[in-house]
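Enquirer:
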Amino acid sequence: MDTPTHSERPFDELVREAEEADVSGWDFGWYAGRATEQRPSWGYQRLLAERLGQATAALDLQTGGGEVLAGALRLAERRPALSAATEGYPPNVLKATELLHPLGTAVVAAPDEPPFPFADGGFDLVTSRHPVRPYFGEIARVLAPGGMYFAQHVGPASVFELVEYFLGPLPEEVRRGRHPDDERAEAEAAGLAVADLRLERLRMEFFDIGAVVHFLRKVVWMVPGFTVEKYLPQLRALDEQIRAEGPFVAHSTRFLIEARKR
1 MDTPTHSERP
11 FDELVREAEE
21 ADVSGWDFGW
31 YAGRATEQRP
41 SWGYQRLLAE
51 RLGQATAALD
61 LQTGGGEVLA
71 GALRLAERRP
81 ALSAATEGYP
91 PNVLKATELL
101 HPLGTAVVAA
111 PDEPPFPFAD
121 GGFDLVTSRH
131 PVRPYFGEIA
141 RVLAPGGMYF
151 AQHVGPASVF
161 ELVEYFLGPL
171 PEEVRRGRHP
181 DDERAEAEAA
191 GLAVADLRLE
201 RLRMEFFDIG
211 AVVHFLRKVV
221 WMVPGFTVEK
231 YLPQLRALDE
241 QIRAEGPFVA
251 HSTRFLIEAR
261 KR
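Be aware that the sequence shown starts at 1, since it is given in the working numbering, and climbs by one per residue.
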């Protein structure tokens, strides 16, 4: 007898499993066979490894569980003499410490918001993957003259097919949030010269309702205040839709930004 796919399992079982699963860190291995996301063509981790290999003092902001930075440090031809990372979510601080300390990187438990707990001009490389918000004034402050900010940001209206399924249509100013043109202007106003800016729209597929629940628990800013109880009717309807029509399709947006301190 064939093992049933996730989408063939009962709704309550899928939801219970997703509610009990760990959502700390940025390891997405839980989604194997349950959801997919197209990756940007530029390969952020590989490019990050190249820049780490050229840096003397590097800082990674909002590092999550440290998974991306750890992978890049392992790929780098050499590691910076000084390497630090910040994270504000306590469960992620623990995960990041376990991953990054053996690679010579200090993890600083610090809120995402300014001020950063570092002196002016202390780093020649500042990086971040998917920061909730990039504080360009602080980034410029902790960069040495000629230092580089290199990051992959979430772009405008990312995964909004899923967000608007639960919240309804959102106003245009919300949909435009995180637009790369706006962040370029903010970076330049802070004293950074943008050398590279690339935007891509990427396909995502959710194959069962458990993947949706886990995703909304993990990426908490997508549907603020999300709970299964609060959105139970919508979840049941979406479960029926996936079973009848196939995967729920959404699109993430990502942009690469590289900017040098003047």
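Virtual Cβ for every residue (Gly too), placed ideally from N, Cα, C.
Using the Cα positions of Ala84 and Asn92, report the straight-line distance between them to the nearest angstrom.
Expert: Cα to Cα, Ala84 sits roughly 15 Å from Asn92.
Enquirer: Can you grab the Cα-Cα spacing for the pair Ala106 / Leu100, in whole Å?
Expert: For Ala106 and Leu100, the distance between alpha carbons rounds to 7 Å.
Enquirer: With 16 other CB atoms within 10 Å as the buried threshold, where does Ala72 fall?
Expert: Result: buried.
Enquirer: Can you tell me the Cα-Cα spacing of Gly43 and Ser128, whole angstroms?
Expert: So the alpha carbons of these two residues sit roughly 14 Å apart.
Enquirer: Under DSSP, the alpha helix (DSSP H) around Lys95 begins and ends at which residues?
Expert: Where Lys95 is concerned, the enclosing alpha helix (DSSP H) stretches over Pro90 to Leu100.
Enquirer: Among Asp22, Met204, Leu143 and Arg176, which one has its Cα closest to the Cα of Pro40?
Expert: The shortest Cα separation from Pro40 among Asp22, Met204, Leu143 and Arg176 belongs to Met204.
Enquirer: Alpha carbon to alpha carbon, how far is Met1 from Asp124?
Expert: The pLDDT assigned to Met1 is 29, lower than 50, so where the model puts this residue is not dependable, and the model offers no usable value.
Enquirer: Within 10 angstroms of the Cβ of Glu240, are there 16 or more other Cβ atoms? Answer buried if so, exposed if not.
Expert: With fewer than 16 Cβ atoms within 10 Å of its Cβ, Glu240 is classed as exposed.
Enquirer: Looking only at its own chain, which residues have a Cβ that is under 7 Å from the Cβ of Ala250, when we skip the five neighbours before and after it?
Expert: Hits under 7 Å: Val159, Glu161, Leu162 and Met204.
Enquirer: Quick check on the DSSP output: what are the complete beta strand (DSSP E) runs of length 3 or more inside the segment 106-180, in order along the chain?
Expert: Segments of the beta strand (DSSP E) lying fully in the segment 106-180: 106-109, 123-129 and 143-154.
Enquirer: Does the segment 47-57 come into contact with the segment 31-39, if we say contact requires no fewer than three beta-carbon pairs (one atom in each stretch) closer than 8 Å?
Expert: Counting Cβ pairs under 8 Å, fewer than three are found: no touch.
Enquirer: From what residue to what residue does the beta strand (DSSP E) around Asp196 run?
Expert: Element bounds for Asp196: Leu192 to Phe206.
Enquirer: DSSP has Thr86 in a bridge; who is on the other side?
Expert: Paired residues: Val108.
Enquirer: Hey, could you find the ends of the alpha helix (DSSP H) Val68 is sitting in?
Expert: From DSSP, the alpha helix (DSSP H) with Val68 extends over Glu67 to Leu75.
Enquirer: Beta-carbon within less than 8 Å of Asp27's beta-carbon, same chain only, minus the 5 sequence neighbours each way: which residues are those?
Expert: Excluding positions up to five away in sequence, the list reads Gly65 and Glu67.
Enquirer: Specify, as a first and last residue, the run of the beta strand (DSSP E) that Lys261 falls within.
Expert: Counting along the chain, the beta strand (DSSP E) containing Lys261 begins and ends at Phe248 to Lys261.
Enquirer: Taking the alpha helix (DSSP H) that Leu235 belongs to, which residues open and close that run?
Expert: Start and end: Leu232 to Glu245.
Enquirer: With 8 Å set as the bound, which would you pick, yes or no: does the beta-carbon of Glu13 sit closer than that to a beta-carbon of chain B?
Expert: This model lacks chain B altogether, as it is built from one protein chain only.
Enquirer: In chain order, what residues of the same chain lie with their CB nearer than 7 Å to the CB of Leu216, ignoring the 5 residues before and after it?
Expert: Answer for Leu216: Met222, Val223 and Phe226, listed in chain order.
Enquirer: For Lys95, count neighbouring C-beta atoms within 10 Å of its own C-beta (all shown protein chains included) and say buried if the count is 16 or more, exposed if not.
Expert: Buried: at least 16 other Cβ atoms inside 10 Å.
Enquirer: Give me the Cα-Cα distance between Gly104 and Pro171, rounded to the nearest whole angstrom.
Expert: Spanning the two alpha carbons is a distance of roughly 45 Å.
Enquirer: Would you list the residues sitting across from Leu273 in a DSSP beta bridge?
Expert: Examination of residue 273 is not possible in this model, given that the chain is present from 1 through 262 alone.
Enquirer: Put Glu229 into one of helix, strand or coil per three-state DSSP.
Expert: If DSSP states are grouped into helix, strand and coil, Glu229 belongs with coil.
Enquirer: From the DSSP secondary-structure annotation, give me the bridge partner or partners of Ala35.
Expert: According to DSSP, Ala35 bridges with Phe206.
Enquirer: Are three or more beta carbon pairs between the segment 136-150 and the segment 114-123 nearer than 8 Å?
Expert: With the cut-off at 8 Å, the segment 136-150 and the segment 114-123 touch.
Enquirer: Could you name the residues of the same chain whose beta carbon sits closer than 8 Å to that of Pro90, not counting the 5 residues immediately before and after it, in chain order?
Expert: Contacts found: Ala109.
Enquirer: Measure the Cβ-Cβ separation of Leu232 and Ile209 and say whether it is below 8 Å.
Expert: No; because the gap between Cβ atoms is not below 8 Å, this pair is not in contact.
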